[in-house]
Each structure stands twice: as C-alpha cells, then as structure tokens.
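Reviewing the structure listed below.
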Amino acid sequence: MPFKLESVLEPYSGGENDFALWLQEFETVAEASKWTIKQKSQYIVLFMKGSAKEIARQALEEVEGDPAGAYAHVVRALDRAYSLKTHEAWKRLTRREWHKEDSVDGVLAEFRRYLRVLGVTTTVAAENILRESLIATLPEDVQKAIPGVRGGWAPVAFG
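Residue numbering for the sequence shown follows this note's numbering, beginning at 180 and increasing consecutively.
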C-alpha cells in the first residue's frame with residue numbers, strides 16, 4: 180500500500196496552535212510531494228478546520244486567478260490570525276511547566292522558537308534565557324538537585 184505524505188499532516192484548526200509551526204510542516208509535505216503553487220493554494224484550504232478554514236476560504240476567494248498571489252494571501256491571512264505574538268511567546272517562555280512526556284531537547288526547541296518571536300538574537304542572551312527558563316520549568320525537587328541553581332548560575336551549557 181503506497182504511503183501518502185499528506186497523511187502525516189494534521190489539519191489546522193487555529194486556536195492556541197501556532198500557525199507558523201504548522202505551516203513549516205505543510206511546506207515540508209508540499210515540497211516532498213512536489214505540489215505546484217496552484218495545488219498549494221488549494222490544499223492549504225483543504226487542510227484547515229473550523230474558523231481557520233473560513234479565513235482561508237475567504238482569503239482564497241479574494242484573490243482568484245493568481246495562484247501564487249492566492250497562496251501568499253491565504254498564508255498572510257492565517258498568519259495574522261493565528262501566529263504566535265510577542266506577548267504570548269513571553270508568557271509561554273516564563274510560565275511553561277514541565278510535563279511527564281517532555282524532553283530537554285523538545286523544551287529547548289520550543290523555547291528557541293519563543294526567543295525568535297521575541298527577537299532575541301545574541302547568542303549569550305539566548306543561552307542565558309534558555310538556561311534560566313529551562314531551570315524554572317523543572318520541578319522544584321529537580322532544581323534543588325542541580326548544583327549552583329539556588330546560589331547562582333547552574334553549570335549547564337546548551338548547544
């Protein structure tokens with residue numbers, strides 16, 4: 180039975196989910212499937228649910244006859260409606276709690292995405308924020324077990 184790449188892409192429904200992150204997955208599937216720009220402009224609407232589908236449909240109708248322009252217009256409309264905003268990124272970075280299924284690499288990748296939204300570009304600043312945010316996310320008993328956390332910087336480096 181042949182495998183269809185688009186079967187790995189979950190429909191996007193908006194809400195709390197970050198559109199920019201979903202769009203990366205969509206673009207990966209589109210590239211691997213060798214979709215044309217016209218196909219992308221049609222498929223992006225098909226991969227939407229709920230209010231996101233309505234926004235995508237309306238945006239597509241606004242720019243009929245120009246597939247490249249239509250796709251870009253749909254992406255812009257969805258991005259405006261659903262991409263992570265600066266205040267949301269800061270809130271998620273500072274209030275994130277550790278979950279049983281989390282991994283350090285996964286949480287750091289999530290935090291790096293928040294830092295990009297926040298415009299943190301210097302390596303030193305990013306590393307310091309990542310370190311402090313990760314430690315703050317860990318359960319208190321784990322924090323206490325890390326040497327130097329209570330009295331200053333933990334001797335941890337992330338690459």
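Here a beta-carbon is modelled for each residue, glycine too, at the ideal position from N, C-alpha and C.
Counting along the chain, residue 302 sits inside the alpha helix (DSSP H) bounded by residues 302–316. In this structure, 318 is the residue among 318, 254, 305 with its C-alpha nearest to the C-alpha of residue 278. Within the same chain, and ignoring the five residues on either side of residue 239 in sequence, the residues whose Cβ sits closer than 6 Å to its Cβ are 224, 249, 253.
Less than 9 Å separates the beta-carbon of residue 200 from that of residue 292.
In the DSSP assignment, residue 219 falls within the unbroken alpha helix (DSSP H) covering 216–225. Nearest Cα to residue 260 within the set 186, 214, 268, 198: 198. Between residue 288 and residue 270, the alpha-carbon positions lie close to 16 Å from each other. The Cβ neighbour count for residue 193, taken over all protein chains shown within 10 Å, is at least 16; the residue is labelled buried. If you draw a straight line from the Cα of residue 227 to the Cα of residue 195, it comes to about 14 Å.
Exposure of residue 186 is indicated by the presence of fewer than 16 other C-beta atoms within 10 angstroms of its C-beta. In this structure, residue 246 and residue 216 form a Cβ contact; the two beta carbons are roughly 5 Å apart against a cut-off of 8 Å. In the DSSP assignment, residue 252 falls within the unbroken alpha helix (DSSP H) covering 246–261. By the Cβ-count criterion, residue 304 is exposed, with fewer than 16 other Cβ atoms from all chains shown falling within 10 Å of its own Cβ. Annotation: the continuous alpha helix (DSSP H) that includes residue 212 extends over 198–212. Within the same chain, and ignoring the five residues on either side of residue 258 in sequence, the residues whose Cβ sits closer than 8 Å to its Cβ are 198, 199, 202. With 16 or more other Cβ atoms from the protein chains shown falling within 10 Å of its own Cβ, residue 219 counts as buried.
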